[in-house]
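Report on one structure; see the data block that follows.
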Amino acid sequence: MNDHGADSAPTETVTVVRNADVVAARQLVRTLAQQAGLSLVHQTKLVTAASELGRNMLLYGHGGVIRVRVTAKDSRTGVWVEFRDEGPGIENVELALTDGWTSGGGMGLGLSGARRLVDEFDLQTGPQGTTVSVIKWNR
Amino acid sequence: MSDRVPVMKIGDVLLVSIQTDLEDQTVLDLQEDLSERIVAAGARGVIIDISAVEIVDSFVGRMLATIASISRILGATTIVCGMRPAVAITLVELGLSLNGVRTALNLEQGLALLRASRPEPGVRP
Chain A
81 MNDHGADSAP TETVTVVRNA DVVAARQLVR TLAQQAGLSL VHQTKLVTAA SELGRNMLLY
141 GHGGVIRVRV TAKDSRTGVW VEFRDEGPGI ENVELALTDG WTSGGGMGLG LSGARRLVDE
201 FDLQTGPQGT TVSVIKWNR
Chain W
1061 MSDRVPVMKI GDVLLVSIQT DLEDQTVLDL QEDLSERIVA AGARGVIIDI SAVEIVDSFV
1121 GRMLATIASI SRILGATTIV CGMRPAVAIT LVELGLSLNG VRTALNLEQG LALLRASRPE
1181 PGVRP
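Protein sequences appear in the order of chains A and W.
The numbering used here applies: residue 81 is where the first sequence begins, and numbers increase by one.
The numbering used here applies: residue 1061 is where the second sequence begins, and numbers increase by one.
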């Protein structure tokens, strides 16, 4: 699901090194979600997921890069967001995706909650870093 | 450097109206400011109006729950009012129940709820 590059709109990028960058990324995600025609509830879900995943990048991945673009498949339009960091990776993905489990000071809803809020969710992790990509479709 | 959220005082109620997209540091500052103001003002109630807030993620949700706990310990009741429907739907799907946080549809109902939860003067609870 990750590569929607060829037939998609231009990709916008936000480099995340501090919390204010997450706020900027949220605003960008909202703008593209509006462009893609997502309903207000779907916009809110996607932006909230972006906030969780953006914060995770800062907390566990020493920051990283968020890429956002409007994407299309069949007759649907949606928004694709990718969160890529070069942190130490997630040791136990299954555990990290469990509600209520946290390795930090959070509520343990970041990854699991974000996954529930989007339509497609893909997580790749290893010692070279973690990449989470999500899509929210318009319907 | 983050902006601080203003805390207004009306009688023995502190009113916080969050008007900006919240940064984590702003949230932490508000927690501290509010606890100090509750004590300094002898406040019995705190109303947090989030009608202008577009998203509540797990960090902000935890902040609301923490503020409610802190103010309860300091003798004040906290009511969160004005949550947008899309925010409420998202919160539930995210898995945040905001346990211990009392909510009201709007400021007016929030104030009414505070009045109702207060014991009559001279009557022991």
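Glycine is no exception: its CB is placed at the ideal position from the N, C-alpha and C atoms.
- Along the length of the segment 1085–1136 of chain W, whole beta strand (DSSP E) runs at least 3 residues long occupy 1105–1109, reported in chain order.
- Minimum Cα-Cα distance from E162 (chain A) among the listed residues A:L203, A:L118 and A:R98 corresponds to A:L203.
- Here E132 (chain A) is buried, its C-beta having at least 16 other C-beta atoms within 10 Å.
- Take L1082 (chain W), set aside five residues on each side of it, and the residues of its chain with a beta-carbon closer than 6 Å to its own are V1120, in chain order.
- Neighbourhood of N99 (chain A) in chain W, by CB distance below 8 Å: E1083, D1084 and Q1085, in chain order.
- Non-local C-beta neighbours of A1128 (chain W) in its own chain, meaning closer than 6 Å and more than five positions away in sequence, comprise T1138, G1160 and V1161, ordered along the chain.
- Proximity of D199 (chain A) to chain W, defined by a Cβ-Cβ separation below 9 Å, is not satisfied.
- When rounded, the separation of the alpha-carbon atoms in A105 (chain A) and R1178 (chain W) is 43 Å.
- In terms of beta-carbon proximity, R135 (chain A) lines the interface with chain W, with at least one pair separated by less than 9 Å.
- Pairing M137 (chain A) with G143 (chain A), the inter-Cα distance amounts to about 5 Å.
- Residue environment for R219 (chain A): exposed (fewer than 16 other C-beta atoms within 10 angstroms of its C-beta).
- DSSP places A1164 (chain W) within a strand segment (E or B) once states are collapsed to three.
- Beta-bridge analysis with DSSP links E200 (chain A) to A:I215.
- For E132 (chain A), the uninterrupted alpha helix (DSSP H) run begins and ends at L120 to G141, by DSSP.
- When DSSP states are grouped into helix, strand and coil, G158 (chain A) belongs to the strand group.
- For I1149 (chain W), the three-state secondary structure derived from DSSP is helix.
- Per the Cβ contact rule, the segment 1079–1094 of chain W is in contact with the segment 1102–1122 of chain W (3 or more Cβ pairs under 8 Å).
- When C-beta distances to chain A are compared with 7 Å, the residues of the segment 1083–1112 of chain W below that value are E1083, D1084 and Q1085, in chain order.
- With distances taken between CA atoms, S192 (chain A) lies nearest to W:S1118 out of W:E1168, W:G1135, W:L1171 and W:S1118.
- Closer than 9 Å to the CB of T210 (chain A) there is not a single CB belonging to chain W.
- Residue contact with chain A for L1124 (chain W): absent (no Cβ-Cβ distance below 9 Å to any residue of chain A).
- V150 (chain A) is a Cβ neighbour of Q115 (chain A), given a cutoff of 9 Å.
- For the pair L1134 (chain W) and V1099 (chain W), the CB atoms are nearer than the 9 Å cut-off.
- Assigned with DSSP and collapsed to three states, S192 (chain A) falls in helix.
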